[in-house]
Amino acid sequence: MQITNLNPADEIGASGWLLEFEGHRLLLDAGIHPKREGRAALPLFDAAGDQDLDAVAISHCHHDHVGSLPVAMRRWPNAHVFMTELSYFIVERVLHNSVNVMKRQREELGVTDYPLYTHHEVDDIAPQFQGFRYDREIEWAALAKARSGNPSPTLEFRDAGHTLGSAGIMIRGQHTTLFYTGDVCFHDQTLLKGARFEDVEADILIMETTRGSRPPTPGFSREQEAERLLTAIQQVFQRNGSVLIPTFALGRTQETLALLALWMRSGRLEPQPVFIGGLGRVFVEIYDLQAHRTHRHHSNLQLHEALDLSVLDARKLNQLKLSGSHLFVITAGMLSENTAAHDLALRMAGDERHAIFFVGYADPSTPGGRLKVAPAGAPFFFSTTGGELTRNCELQEFDLTAHANREELLDFVGQVMPRVVVLGHGEPEARDWFERQIRERHPRIQVLQPRPGERFAV
Ligand SMILES: [Zn+2]
Ligand SMILES: [Zn+2]
């Protein structure tokens, strides 16, 4: 089997893996780099060559895994696109939203490459999308009308517990099996239960390494971390301040809202409106509507009934007075420019009554990442449009991650017992940690860290 790493960057970047084996070509994920602008954010599709592609399989609907799908489809217009049935309900909304964001960035930041694709193109490729249940073996090359004449390899989506619809992907050929973790979470979250990868075994394992450089905190429990968040919110409200929790629209928003809903239901948090972003609101509805086919806790908790959700648009934001204990769970986890979360942070940061609580990753080179480490009272550079900022508000980080801890992933390697582990979706230090650990524990496993654009045989 030949594998090509299409990620343009030596970090989490944009996911994209080309597999070539037994006369078939399959692309795993077609992401976009969340920190790069314009064409530089795309996977290295040129490194995949011009030959036809049978299919694209999407692990989940986060931008770094699906955001360049229409560009991939321009190159391989006949490829079928496979995903889980839950992702099927989400994917077009994510891509259309991405067109809107790119158009806005073209106007406001002058990125002339944008949009990298249009609403029309998203609509045009949609008929090629097919959704499948978890744990169902699909003869994908037969569906993609294999030209090779070889028997079709199969593909199976396994619940990855990371976000609604997320999957690890098992590929079975005649001679080789490969498992791709996508983004995976082994522990239960408030809503989603952990990954169901129990019986996964494969010759080759492509694995995410997001938390490789993060040692476990002694005595840490997710429940305690949630309690700490509740106490912190209560304290802000006691001093009549507002709380901003910047989150990603898909996954983190709904998990955070579920905590708030449970606290309000049990009387531990005063019931009050929660302001959220438009796209986050759409995904709340999909989480609610698909609750019955999701492997999750609180299947009867309908967020849109349990909470008084109010969508915060730019007009509403400008009119809103921040004093008086508001609760914002707003899209743009890294406080990227031209988002309501960015503008809210700008308004809240100077006032010591308010608080900004991070519940997920914010890259150091983003406004969110810079704010996260900003000392109180000293001016720092926040963003191009926001300029310099002095942070007086409270700032805290809560570890409510949707990614597997590194020890769990290491145990998973021991379970899969592959011949080869390919490390991806992580910063260099994170991958290096895994490489050292795997070599030590399992000296017979070959560990690879392919460079951007590298094609290699396994
Ligand atoms: Zn993800
Ligand atoms: Zn990811």
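Going by my numbering, the sequence shown opens with residue 37, and the numbers climb by one from there.
All C-beta atoms in this analysis are idealised placements derived from N, C-alpha and C, irrespective of residue type, glycine included.
Task: the region 127-134 contacting the region 100-118, beta-carbon criterion three pairs below 8 Å - done: Enough Cβ pairs lie closer than 8 Å, so yes.
Open item on the list: Contact criterion: CB-CB distance below 8 Å. Does Gly209 meet it with respect to chain B?
Closed with: Of the chains in the structure shown, none is chain B; there is only one protein chain.
Task: CB-CB length for Leu345 against Arg317, believed under 8 Å - done: Mapped onto the sequence shown, residue 345 falls at position 309. Mapped onto the sequence shown, residue 317 falls at position 281. The beta-carbon separation of Leu345 and Arg317, rounded to 6 Å, stays under the 8 Å limit for a contact.
Task: Stretch-stretch touch, CB-based, cutoff 8 Å, three pairs: the region 214-223 with the region 234-252 - done: Enough Cβ pairs lie closer than 8 Å, so yes.
Open item on the list: Following a CB-centred definition, is His101 positioned closer than 7 Å to any heavy atom of ligand 1?
Closed with: Within the sequence shown, numbered from 1, the residue matching residue 101 stands at position 65. True, at least one ligand heavy atom lies under 7 Å from that Cβ.
Task: Heavy atoms of ligand 1 versus C-beta positions, residues under 5 Å - done: Output, sorted by chain position: His98, Asp219.
Task: Segment limits, beta strand (DSSP E) that includes Gln141 - done: As a first step, residue 141 must be located in the sequence shown, where it is residue number 105. Looking at the DSSP string, Gln141 is not in any beta strand (DSSP E); the run it does join, the alpha helix (DSSP H), is 127-145.
TODO: Helix, strand or coil for Gln290, going by three-state DSSP, please let me know.
DONE: On the sequence shown, residue 290 is found 254 positions in, with the first residue counted as 1. Reduced to three states, the DSSP call for Gln290 is helix.
- [ ] Grab me the residues of Glu244's own chain with a C-beta within less than 8 Å of its C-beta, minus the 5 sequence neighbours each way, in chain order.
- [x] What you label residue 244 is simply residue 208 of the sequence shown in a count that begins at 1. So the qualifying residues of the chain are Thr217, Gly218, Asp219, Val220, His439, Ala440, Leu445, Gly460, His461, Gly462.
- [ ] Along the alpha helix (DSSP H) that carries Phe470, what are the first and last residues, could you check?
- [x] Mapped onto the sequence shown, residue 470 falls at position 434. Under the DSSP assignment, Phe470 falls in the alpha helix (DSSP H) whose first and last residues are 464-477.
Open item on the list: Between the alpha carbons of Pro70 and Ile392, how many angstroms are there, rounded?
Closed with: On the sequence shown, position 34 is the one that residue 70 refers to. On the sequence shown, position 356 is the one that residue 392 refers to. Their Cα atoms are separated by approximately 22 Å.
- [ ] Identify which residue in Glu465, Phe417, Glu388, Val449 has its Cα closest to the Cα of Asn428.
- [x] Here residue 428 corresponds to residue number 392 of the sequence shown, with the count starting at 1. Asn428 has its Cα closest to that of Glu388, out of Glu465, Phe417, Glu388, Val449.
Task: Limits of the alpha helix (DSSP H) - the one that Gln271 falls within - done: Counting from 1 along the sequence shown, the entry for residue 271 is found at position 235. In this chain, the alpha helix (DSSP H) harbouring Gln271 covers 258-274.
Open item on the list: Helix, strand or coil, according to DSSP, for Phe284 in the structure here?
Closed with: For this step, residue 284 is matched to residue 248 along the sequence shown. The answer is coil: DSSP assigns Phe284 none of H, G, I, E or B.
Open item on the list: Tell me which residues share the same chain as Phe168 and place their Cβ nearer than 7 Å to its Cβ, disregarding the 5 neighbours each side in the sequence.
Closed with: Mapped onto the sequence shown, residue 168 falls at position 132. Once the five neighbours on either side are set aside, the close Cβ partners of Phe168 are Phe118, Thr120, Glu121, Ile174, Phe193.
Task: Segment limits, alpha helix (DSSP H) that includes Pro106 - done: For the purposes of this step, residue 106 is taken as residue 70 along the sequence shown, with counting starting at 1. That run of the alpha helix (DSSP H) goes 105-111.
Open item on the list: Three or more C-beta pairs under 8 Å: does that hold for the region 251-264 against the region 273-292?
Closed with: Touching, no, given that fewer than three Cβ pairs across the two stretches are closer than 8 Å.
TODO: Could you tell me if the beta carbon of His328 falls within a distance shorter than 7 Å of some heavy atom in ligand 2?
DONE: Position 292 of the sequence shown, counted from the first residue, corresponds to residue 328. Outside the cutoff, so no.
Open item on the list: Beta-carbon within less than 6 Å of Leu363's beta-carbon, same chain only, minus the 5 sequence neighbours each way: which residues are those?
Closed with: Sequence index remark: in the sequence shown, residue 363 carries index 327 (1-based). Result list for Leu363: Val279, Val310, in chain order.
Task: 6 Å CB neighbourhood of Ala327 in its chain, flanking five on each side removed - done: Within the sequence shown, numbered from 1, the residue matching residue 327 stands at position 291. The residues are Ser335.
Task: Proximal residues to Glu433 (C-beta, below 7 Å), its chain only, five neighbours per side dropped - done: As a working note, residue 433 is residue 397 in the sequence shown. Contacts found: Phe394, Lys408.
- [ ] Mark Met453 as exposed unless 16 or more other C-beta atoms lie within 10 angstroms of its C-beta, in which case mark it buried.
- [x] For the purposes of this step, residue 453 is taken as the residue at position 417 of the sequence shown. Counting the other Cβ atoms within 10 Å of the Cβ of Met453 gives fewer than 16, which makes it exposed.
Task: Asp149 beta carbon less than 8 Å from that of Arg75 - done: For this step, residue 75 is matched to residue 39 along the sequence shown. For this step, residue 149 is matched to residue 113 along the sequence shown. Yes, they are a contact pair.
Task: Coil, strand or helix - Gln38 by DSSP - done: Along the sequence shown, read from residue 1 onward, the residue named residue 38 stands at position 2. Residue state, collapsed to three classes: strand.
Open item on the list: According to DSSP, simplified to helix, strand and coil, what is Ser335?
Closed with: Taking the sequence shown and counting its residues from 1, the one referred to as residue 335 is at position 299. Here Ser335 sits in coil by DSSP.
Task: CB of Gly489 within 8 Å of CB of Leu55, strictly - done: For the purposes of this step, residue 489 is taken as the residue at position 453 of the sequence shown. For the purposes of this step, residue 55 is taken as the residue at position 19 of the sequence shown. In this structure, Leu55 does not lie closer than 8 Å to Gly489 by Cβ.
Task: Proximal residues to His155 (C-beta, below 8 Å), its chain only, five neighbours per side dropped - done: The sequence position of residue 155 within the sequence shown is 119, counting from 1. The beta carbon of His155 sits closer than 8 Å to those of His132, Val135, all from its chain and outside the five residues before and after it, given in chain order.
TODO: Would you check whether ligand 2 has a heavy atom nearer than 7 Å to the C-beta of His156?
DONE: Along the sequence shown, read from residue 1 onward, the residue named residue 156 stands at position 120. Taking non-hydrogen atoms of ligand 2 into account, the C-beta of His156 is found less than 7 Å away from none of them.
- [ ] Return yes when at least one heavy atom of ligand 2 lies under 7 Å from the C-beta of Ser51, else no.
- [x] Along the sequence shown, one-based indexing puts residue 51 at 15. Yes.
Open item on the list: Quick check on the burial criterion: 16 or more other C-beta atoms within 10 angstroms. Buried or exposed for Gln507?
Closed with: There is no way to answer for residue 507, as the model of the chain reaches only from 37 to 494.
TODO: Can you give me the start and stop residues for the beta strand (DSSP E) that Arg18 sits inside?
DONE: Nothing can be reported for residue 18, as the shown portion of the chain is limited to 37 through 494.
- [ ] Just the C-alpha distance for Phe273 and Gln308, rounded to the nearest angstrom, thanks.
- [x] Locating residue 273 in the sequence shown gives position 237, counting from the first residue. Locating residue 308 in the sequence shown gives position 272, counting from the first residue. For Phe273 and Gln308, the distance between alpha carbons rounds to 11 Å.
Open item on the list: Could you pull the DSSP bridge partners for Thr120 from this structure?
Closed with: Residue 120 sits at position 84 when you count from the first residue of the sequence shown. Partner(s): Phe168.
TODO: Identify, in the order they occur along the chain, each residue of the same chain with its Cβ nearer than 6 Å to the Cβ of Leu241, setting aside the five sequence neighbours on each side.
DONE: Residue 241 sits at position 205 when you count from the first residue of the sequence shown. In its chain, beyond the 5 residues on either side, Phe215, Val452, Pro454, Val457 have a beta carbon closer than 6 Å to the beta carbon of Leu241.
- [ ] Use the C-beta contact count for Asp65: other C-beta atoms within 10 angstroms, 16 or more gives buried, fewer gives exposed.
- [x] Locating residue 65 in the sequence shown gives position 29, where the first residue counts as 1. Buried is the call here.
- [ ] Give a single yes or no on whether His340 has its beta carbon closer than 7 Å to a heavy atom of ligand 2.
- [x] On the sequence shown, position 304 is the one that residue 340 refers to. For ligand 2, not one heavy atom lies less than 7 Å from the Cβ of His340.
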